[in-house]
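Structure first, then comments.
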């Protein structure tokens, strides 16, 4: 039953989401039937309570099947208990498809096998849990790939792409996922398992004659098609990006009665997909990208029909608002420099057999289209420059989520599509509608070659008035799109966001056909109920809503970018799942090892959100579920830069640990590794004895056991003399023409590798700087911060600021050689001591060696190295400081530097030393870093500025000798010098 509301949308009556279920018995029987993992604990349920949408539904439990047969067994148990089932891949759905109150089947951990590949037929049979980029990597030697490529390509799974009928930018050439699916192996809720695909009339008749549930389904589908064929042909818009509704058009005779394509895009509401046969396409020989600039985004849209005849492989758009938002977050700095003049841009990509052919297509298009439309244009055929521009386009969702000059934005009307030749006029009318409702801050971008527009809108989803306005807006927007002959969804599906609006687009009769289709496959409404057919209201199950009132605890960190509220920080994640990728970047190393949702940045953020929400995670700071999820966070800070919305899990972890351990005895590693600055200072004063103890097989094991350290971890040697002790004896060969700098004596350089600091003095002197060091013992507090000993860390930082006060008053640059310590000063310090002007001064005055040379000595010519080196950037360097100055400095030496995009080394300060973390630590390093290093020829220089990185590399590859970049530069200076002073020890180098 439905009723009309004041926005003119028929509202579905509230219905119970599931019958009463004995969850204990259900869990027990699932454990007996399933070889995979079965989890009904509150932590897992909280982790899977939402996706990338506005919605939240806490599931009964989660099953991670090891095989399709496992999933079949799980569905059978659920059927016996009448429990709803949701089949989930990457969990990145934007319309609420991937949250439900039943049992979630998460395919993404185990079911990622490529069953077979037929190169001649250009097909592959795969399991649904394999991620798109991972599949394409495995197909690399065949010269083939999957055509559709959503912006979440590094984490979205094939099963999720099938469930959502995914598209992406390459759909311009390859179509939607429905166009790539040849056959599906599916399972109905009633238990029928079969491969389905296209079926000619005789095949249909044979299935019907055979009987059983499948035969009855085919018979009823034919009847459904025949009764609704006219409405399907007239009400389904003839546009490239119609994703809304079920694919009833696939049943038409002219569409080959294609059962597999009927089921694509059904969002787990009809069947469970067990395997898929996918059509593959040849990889392009070469790619070129033309970027055209226009006065505004609507004018850019007007040009689309003129470009389409040139058959681009992709035709995307971004507007000035998106570029400005990305500039404020340093996401599009490189891309922005390459954009031609304008405030709306089209990105037009061409494929060719070779680069000349691709470039020729682009030049022809640019010459003719620019003349006709008045556009300015640039051509990019350098893959790195192309990647920078594409990264700006793919970062759109994250960049627009939290604009600095306005409220947070939401999905809800983020992917409508209209005929491409009417796109410009639609955008003008749509912008008028935004203005009428006061939603002026929305950015407009998307797949303009298919008329698909992406945007996030600042809906108020926390007040009754705001939610009512949201309902009125989407109803009006649905009517506007329908008037233009478009689709409510052009990519992200209906789910709960748009399911209620489908009558506006399709009419009541077609929507009735959708409901009948649902009843044919799932008469008990147990497959992802409340989505598409008989949908929940679009303002029901909101993650925020009028009852949203999270706990606001007092914190040590100020969270200045989150309204000084931990609840805002914990709710920052928008769920796009970039942290679940395996291809590049830093985050999230522990997820890459365990493939556990709770070990992704997103999963941990969800648990913190639920902790503050308080109805699933009920014990606040004492939550064992949150603690367990954070335990394997390496505090690498990769999410601080790689996450599209800057989630900072390292900071959240430190805050949580501080409260979790308050008035409790901590793990021994917190007292040993957490206090390493003190112990290292003591050990260095008696280094001979200390090294004899820790390097002894027996005594060393006793020390590690007492200190809570991993037995298998080798202990680094303490220096004979710390750097600050020998510094006064160093002869500084410097004119001092460029002034004085303060060299920061971090714990690791000072007490373990003083030769790094000596090399840095040599380089700074050569560049014209006079070097000073602090006159008293100082520390950045990093080890106390990472173990959550925040009151102690703040005391140490205040003492450090008092010691540095004279240099801070003089604006003396503070050169920090250890990236993790520099990151503390840049990010943690001003957030821990927010409002302390000296803290902010130190943040502003902290420089890496490369930054100082670039800013204060730009004309200084570093020594020539003229060799090849592999460079491993420290995670904190990547995330907080930025590696471009270092890349430029190494380039100026003539060094052929292979800067690895290999993720975290895995040691991560104290993490890899702590008992229980060794295996994960090593696995992180073995993911990409160590294979890349072992692949180098003997004698290759290895550079790593992080002490942790060098330590891990030495331990796992004993024949290597990684060095700090300061040591490389100092060696170059020594090579060019005619005399070598004996006190210029630059430490070990690779031959």
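Residue numbers (the numbering used here): 561 to 1551. Where a beta carbon is used, it is the ideal one built from N, C-alpha and C, also for glycine. Fair warning: this is a prediction, and the values are worked out from it, not measured in the lab.
Assigned secondary structure, residue i (DSSP; H/G/I helix, E/B strand, else coil)
| i | result |
| --- | --- |
| residue 548 | Not covered by the structure: residue 548. The range shown for the chain is 561 to 1551. |
| residue 1375 | strand |
| residue 735 | coil |
| residue 1056 | coil |
| residue 1428 | strand |
| residue 1219 | helix |
| residue 1527 | helix |
| residue 860 | helix |
| residue 1386 | helix |
| residue 973 | coil |
| residue 782 | helix |
| residue 686 | strand |
| residue 1535 | helix |
| residue 1419 | coil |
| residue 662 | coil |
| residue 806 | coil |
Residue i versus residue j: straight-line alpha-carbon distance, rounded
| i | j | result |
| --- | --- | --- |
| residue 1183 | residue 1151 | 21 Å |
| residue 1329 | residue 1529 | 15 Å |
| residue 1534 | residue 1300 | 23 Å |
| residue 872 | residue 1008 | 12 Å |
| residue 702 | residue 1487 | 23 Å |
| residue 1498 | residue 1453 | 21 Å |
| residue 1244 | residue 1200 | 34 Å |
| residue 1363 | residue 1335 | 8 Å |
| residue 1035 | residue 1006 | 21 Å |
| residue 508 | residue 1159 | One cannot answer for residue 508 here, as it falls past the ends of the chain, which runs 561 to 1551. |
| residue 1324 | residue 1333 | 13 Å |
| residue 1010 | residue 691 | 25 Å |
| residue 655 | residue 828 | 13 Å |
| residue 1331 | residue 957 | 46 Å |
Environment of residue i [buried if 16+ CB atoms lie within 10 Å]
| i | result |
| --- | --- |
| residue 1307 | buried |
| residue 1223 | exposed |
| residue 1575 | Residue 1575 is absent from the model: the chain starts at 561 and stops at 1551. |
| residue 932 | exposed |
| residue 1259 | exposed |
| residue 1027 | buried |
| residue 942 | exposed |
| residue 813 | exposed |
| residue 580 | exposed |
| residue 1502 | buried |
| residue 736 | buried |
| residue 613 | buried |
| residue 1536 | exposed |
| residue 592 | exposed |
Residue i CB to nearest heavy atom of the ligand FMN below 6 Å
| i | result |
| --- | --- |
| residue 1173 | In terms of ligand content, the structure shown is empty, and the ligand FMN therefore cannot be addressed. |
- Message: Any contact between the region 1007-1018 and the region 1085-1104? By contact I mean 3 or more CB pairs, one from each, below 8 Å.
- Response: no
- Is it a yes or a no for the region 786-804 touching the region 1066-1081, going by three-plus beta-carbon pairs under 8 Å? yes
- Give a yes or no on contact between the region 1378-1387 and the region 1436-1443, applying the rule of three or more CB pairs nearer than 8 Å. yes
- Query: Residue ranges of each beta strand (DSSP E) run of no fewer than 3 residues wholly in the region 997-1035, ordered along the chain?
  - Reply: 1005-1007, 1012-1014
- Cβ pair count under 8 Å reaching 3, the region 843-857 against the region 820-829: no
- Item | Completely contained alpha helix (DSSP H) runs for the region 1158-1195, where each covers 4 or more residues | 1161-1173, 1184-1191
- Message: Pairs of beta-carbons, one from the region 1386-1395 and one from the region 1403-1412, closer than 8 Å: are there three or more?
- Response: yes
- Item | Sequence ranges, alpha helix (DSSP H) only - wholly within the region 1330-1354, length at least 4 | 1342-1346
- Message: Can you confirm whether the region 923-938 touches the region 838-845 when touching is taken to mean that 3 or more C-beta pairs between the two stretches lie within less than 8 Å?
- Response: no
- Item | Segments assigned beta strand (DSSP E), at least 3 residues, entirely inside the region 708-775 | 741-747, 753-756
- Query: Should the region 978-985 be regarded as contacting the region 1038-1056, the criterion being three or more beta carbon pairs within less than 8 Å?
  - Reply: yes
- Task: Could you name each continuous alpha helix (DSSP H) segment of 4 residues or more that falls completely within the region 1104-1158, going from the start of the chain to the end?
- Result: 1126-1130, 1149-1154
- Message: So within the region 588-619, which uninterrupted alpha helix (DSSP H) runs reach at least 4 residues, ignoring any that extend past its ends?
- Response: 602-607
- Message: Quick check: the region 1201-1209 against the region 1466-1481, are at least 3 beta-carbon pairs closer than 8 Å?
- Response: no
- In the region 914-972, which residue ranges form an unbroken alpha helix (DSSP H) of at least 4 residues, counting only runs that do not cross its ends? 915-933, 943-954, 956-959
- Message: Tell me whether the region 598-617 and the region 641-652 touch, counting them as touching only if at least three CB pairs, one residue from each stretch, are closer than 8 Å.
- Response: yes
- Task: Determine, using beta-carbon pairs with one atom in the region 857-865 and one in the region 898-906, whether at least three such pairs fall under 8 Å.
- Result: yes
- Item | Validate contact between the region 1168-1175 and the region 1075-1083 using beta carbons, cut 8 Å, 3 pairs | no
- Would you say the region 704-713 touches the region 724-731, given that touching needs at least three Cβ pairs under 8 Å? yes
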